[in-house]
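Using my numbering, read the sequence shown as starting at 160 and increasing by one per residue.
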Amino acid sequence: MNTRLVLGVAVVATTLAAPTASEAQSWRAQAAWVAGQVGGGVFGAEVRRPLGAAPPLPLPGRPGGGPVEAPTRAWHLSGMLAAGVNGAPPADSDRSLEPLVYVHGGLLYRTGRTVPGYVGLLAASYVPVGVIGPAALLEAADVAALQVGALHGDGAWHGHAALSLSVRFLVDILGG
Numbered sequence: 160m161n162t163r164l165v166l167g168v169a170v171v172a173t174t175l176a177a178p179t180a181s182e183a184q185s186w187r188a189q190a191a192w193v194a195g196q197v198g199g200g201v202f203g204a205e206v207r208r209p210l211g212a213a214p215p216l217p218l219p220g221r222p223g224g225g226p227v228e229a230p231t232r233a234w235h236l237s238g239m240l241a242a243g244v245n246g247a248p249p250a251d252s253d254r255s256l257e258p259l260v261y262v263h264g265g266l267l268y269r270t271g272r273t274v275p276g277y278v279g280l281l282a283a284s285y286v287p288v289g290v291i292g293p294a295a296l297l298e299a300a301d302v303a304a305l306q307v308g309a310l311h312g313d314g315a316w317h318g319h320a321a322l323s324l325s326v327r328f329l330v331d332i333l334g335g
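This is the structure in structure tokens:
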């Protein structure tokens, strides 16, 4: 098996393996494209773990009243594991549809705004296609995340783009 793929899976597994009470989990649907390799969709879970000590909470009863703002941790580890279908497998494949597994691990920064809510860098991989590489992430309102990057496989770099949407958001829009 390709060493880069094993490394990618190990990064995600490590991120997901140590659950804490402060982690966030989001079920996501993702449309994926890797030039000449992937054109499909996956469904899976993303887990985010905040880094560092929790900031102290403000004391109640501040002079002047008004809302109390509690600080949050800005840096998070992100890991995602998803499965789905590749409708545009590589040219050397003899099938029109193939199973597809997506994994990523990376570091995100919470901006404190709605747009963008998070920015970050990921190591992304699609299996069994055999591509892995860096991707930048830009997320809006904890709902939609756009990834762009370049993934390496078959001796060449391939452009990569993916759009993932929170399943909660999709259920709300579709009236579920």
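Ideal Cβ placement from N, Cα and C applies to all residues, glycine included.
Same chain, Cβ closer than 6 angstroms to residue i, five either side skipped, listed in chain order
{"i": "Gln306", "result": "Ala294, Leu296 and Ala321"}
{"i": "Asn245", "result": "Val197, Gly199, Glu257 and Leu259"}
{"i": "Trp316", "result": "Ala309"}
{"i": "Leu338", "result": "Nothing about residue 338 can be reported from this structure: the residues present for the chain run from 160 to 335 only."}
{"i": "Ser323", "result": "Arg187, Gln189 and Ala304"}
{"i": "Ala283", "result": "His263 and Ala294"}
{"i": "Pro214", "result": "Pro230"}
Three-state class that DSSP yields for residue i in the structure shown
{"i": "Arg272", "result": "coil"}
{"i": "Leu324", "result": "strand"}
{"i": "Val288", "result": "coil"}
{"i": "Ser181", "result": "Because the pLDDT of Ser181 is 45, which lies under 50, any placement of that residue in the model is unreliable, and the question is left without a value."}
{"i": "Leu333", "result": "coil"}
{"i": "Ala194", "result": "coil"}
Of the residues the options, the one placed nearest residue i, counting alpha carbons only
{"i": "Phe202", "options": "Pro226, Asp251, Pro249 and Val262", "result": "Val262"}
{"i": "Ala188", "options": "Ala242, Gly314 and Tyr285", "result": "Ala242"}
{"i": "His311", "options": "Gly334, Gly289 and Leu218", "result": "Gly289"}
{"i": "Val274", "options": "Ser284, Pro215, Val302 and Ser255", "result": "Val302"}
{"i": "Val193", "options": "Asp313, Arg327 and Phe328", "result": "Asp313"}
{"i": "Asp251", "options": "Val286, Gly195, Leu324 and Gly318", "result": "Gly195"}
{"i": "Pro209", "options": "Ala190, Leu240, His319 and Gln184", "result": "Gln184"}
Assigned exposure category for residue i - 16 Cβ within 10 Å defines buried
{"i": "Ala304", "result": "buried"}
{"i": "Arg207", "result": "buried"}
{"i": "Pro248", "result": "buried"}
{"i": "Leu216", "result": "exposed"}
{"i": "Leu333", "result": "exposed"}
{"i": "Glu271", "result": "The sequence given here has Gly at residue 271, not Glu. Under this definition Gly271 is an exposed residue."}
{"i": "Ala191", "result": "buried"}
{"i": "Met160", "result": "In this predicted model, Met160 has a pLDDT of only 47, less than 50, meaning its place in the structure is not dependable; the value taken from the coordinates is given anyway. Its Cβ having fewer than 16 others within 10 Å, Met160 is exposed."}
{"i": "Gly292", "result": "buried"}
Same chain, Cβ closer than 8 angstroms to residue i, neighbours up to 5 away in sequence not counted
{"i": "Ala180", "result": "Here the model assigns Ala180 a pLDDT of 48, short of 50, so the residue's position is not dependable, and the following value carries that caveat. For Ala180, where only same-chain residues beyond five positions count, there are no Cβ hits under 8 angstroms."}
{"i": "Gly211", "result": "Arg232 and Trp234"}
{"i": "Arg254", "result": "Pro248"}
7 angstroms CB neighbourhood of residue i in its chain, flanking five on each side removed
{"i": "Gly279", "result": "Ser237, Gly265, Leu266, Leu267, Tyr268 and Leu296"}
{"i": "Trp186", "result": "Ala204 and Val326"}
{"i": "Glu298", "result": "Pro275, Gly276, Tyr277 and Ala304"}
{"i": "Phe328", "result": "Val302"}
**Prompt:** Fully enclosed by the segment 197-263, which beta strand (DSSP E) runs are 3 residues long or longer?
**Reply:** Within the segment 197-263, the runs of beta strand (DSSP E) at least 3 residues long that lie entirely inside it are, in chain order, 197-209 and 234-245.
*asked:* If we require 4 or more residues per run, which alpha helix (DSSP H) segments fall completely within the segment 291-322?
replied: none
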